Amino acid sequence: MTNKTRTRKPAQKTASPKDGLARRQEILSAALNLFSSRDYSAITIKDIAQLAGVNTSLLYYYFEDKEALFRAALEEAVGAAMRNYEEVASKHSEPVDLIDDWFQMHVQLAEDIRRLVKILMDYSGSPSQTRVLDDVVRKFYDVEIDILTKAVRRGQRAGLFKAVSPQAAAAFASTHLDGVMVRSIIQPQLDIAGAIDTFREAFWAYVGYKK
């Protein structure tokens, strides 16, 4: 009696959770590129699928519709910006260094921040606003203002800054940095680094800091 060798069938590959997360991230990245460069109404699910290199039907596996994808892209962009803000804050104990690095971060990450500002502008005029995303956007600005406010207070306690309102100084920085990014969207040829350097000097004068 002879032993028959059984041929094993190759195991079928199934998509792992990691594969799914990577694919979702690729779709979000493609969506961010489109939402930050074109008007929301001019973008279709097919456009996003083509840029991501996937079938249109796959997008509906991850996202209910274009509106859901837009919300996810906004959350992704805000989350990335907040991580950058918190990283800068964690690196410095000296207020002048922190604020100086804050300005420099906007130069180094200008393209990413411009994309976020463009998406926020679209969202502010979108009928698809939701309370959840309003909270995400509010938290983003709250984190920024809180970090800068604390830095200004530390500078005042150290005798480096004059007695201005720390919250007003933080709002001044946040608002005008956004303004530079909005201007760069309107005029793409704008020298962002030069504009931020000019504003940095205006901010130091506002808080009374002399180098």
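In terms of my numbering, the sequence shown opens at residue 1 and continues consecutively.
The C-beta atom is built at its ideal place from N, Cα and C for all residues, glycine as well.
Everything numeric in this text was worked out from a predicted model, so none of it was measured.
query	result
The region 100–114 in contact with the region 193–200 per 3-pair CB rule at 8 Å	yes
Presumed contact (8 Å Cβ cut-off) between residue 88 and residue 152, rounded CB distance	The pair is not a contact, with the Cβ atoms about 15 Å apart (cut-off 8 Å).
Cβ pair residue 115, residue 184 closer than 7 Å	no
Own chain residues within Cβ distance below 7 Å of residue 92, not counting five before or after	98, 101
Whether residue 154 touches residue 95 by CB criterion (7 Å)	yes
Meets three-Cβ-pair contact criterion under 8 Å: the region 48–58 and the region 135–152	no
Residue 203 burial status per 10 Å Cβ neighbour count (16 or more: buried)	buried
Residue 188 classed as buried or exposed, judged by whether at least 16 other C-beta atoms fall within 10 angstroms	exposed
Segment contact flag, the region 71–81 with the region 117–125, C-beta cutoff 8 Å, min 3 pairs	yes
Alpha-carbon spacing of residue 157 relative to residue 191, whole angstroms	35 Å
Closest residue to residue 68 among 51, 161, 32 (Cα-Cα distance)	32
Neighbour-count burial assignment, residue 168, 16 or more Cβ in a 10 Å radius	exposed
Test item: CB-CB of residue 42 and residue 26 under 7 Å	no
Cβ shell of residue 144 (< 7 Å), same chain only, five flanking positions each side left out	85, 174
Alpha-carbon to alpha-carbon, residue 166 and residue 150	7 Å
Buried/exposed call for residue 66, threshold 16 Cβ in 10 Å	buried
CA-to-CA distance, residue 49 to residue 10, given in whole angstroms	Confidence at residue 10 is low in this model, with a pLDDT of 43, below 50, so the placement of that residue should be treated as unreliable; the coordinate-derived value is given next. If you take the alpha carbons of residue 10 and residue 49, they lie about 31 Å apart.
Simplified DSSP assignment, three categories, for residue 209	coil
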